[in-house]
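J.:
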Amino acid sequence: MANTPQSKKRARHNEARFAINKARRSRIRTYLRRVEEAIASGDQDAAAAALKAAQPELMRGVTKGVFHKNTASRKMSRLSSRVKALA
Numbered sequence: 000m001a002n003t004p005q006s007k008k009r010a011r012h013n014e015a016r017f018a019i020n021k022a023r024r025s026r027i028r029t030y031l032r033r034v035e036e037a038i039a040s041g042d043q044d045a046a047a048a049a050l051k052a053a054q055p056e057l058m059r060g061v062t063k064g065v066f067h068k069n070t071a072s073r074k075m076s077r078l079s080s081r082v083k084a085l086a
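Under numbering that gives the first Met the number 0, the first residue of the sequence shown carries the number 0, and numbering increases by one thereafter.
#1: Anyone know if the C-beta pair for Leu57 and Val82 falls short of 7 angstroms?
#2: Mapping the DSSP letters down to three states, classify Phe66 as helix, strand or coil.
#3: Exposed or buried, which one is Ala91 when buried takes at least 16 other CB atoms within 10 Å?
#4: In angstroms, rounded to a whole number, what distance separates the CA positions of Gly60 and Phe66?
#5: How about Leu31 and Ala53: are their beta carbons less than 7 angstroms apart?
#6: Rounded to whole angstroms, what is the Cα-Cα separation between His12 and Gly64?
The following block contains the structure:
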């Protein structure tokens, strides 16, 4: 357990950041799930639209420190190649 006032403050701060990051991560996963569902349905137009909506969210996650840049790039690359393959 935190003992010093500073460590107590850090614990509170960490809890708040955890909640924010958890919400961000959940939001990004929702966008990615929409792309996956569109790919599974075989609708290329819907999949392309979902991918276009997911990309800025994923990159925002990178700037906010939720995901690593290479992880986001890898996810985008793999999803876009799958969307492209639907044609």
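All C-beta atoms, glycine included, are put in the ideal place defined by N, C-alpha and C.
As the structure is a prediction and not an experimental result, all values here were calculated from the model.
T.: The short version:
#1: One-based indexing of the sequence shown puts residue 57 at position 58. One-based indexing of the sequence shown puts residue 82 at position 83. No, the Cβ-Cβ distance between Leu57 and Val82 is not below 7 angstroms.
#2: Translated into the one-based positions of the sequence shown, residue 66 becomes position 67. Note: Phe66 maps to coil in three-state DSSP.
#3: Beyond the ends of the chain as shown, which are 0 and 86, falls residue 91; an answer cannot be given.
#4: Locating residue 60 in the sequence shown gives position 61, where the first residue counts as 1. Locating residue 66 in the sequence shown gives position 67, where the first residue counts as 1. Rounded to the nearest angstrom, the two C-alpha atoms are 6 angstroms apart.
#5: Residue 31 sits at position 32 when you count from the first residue of the sequence shown. Residue 53 sits at position 54 when you count from the first residue of the sequence shown. It is a contact, given that the beta carbons lie within the stated cut-off.
#6: The count along the sequence shown starts at 1 and reaches residue 12 at position 13. The count along the sequence shown starts at 1 and reaches residue 64 at position 65. Cα to Cα, the separation comes out at about 16 angstroms.
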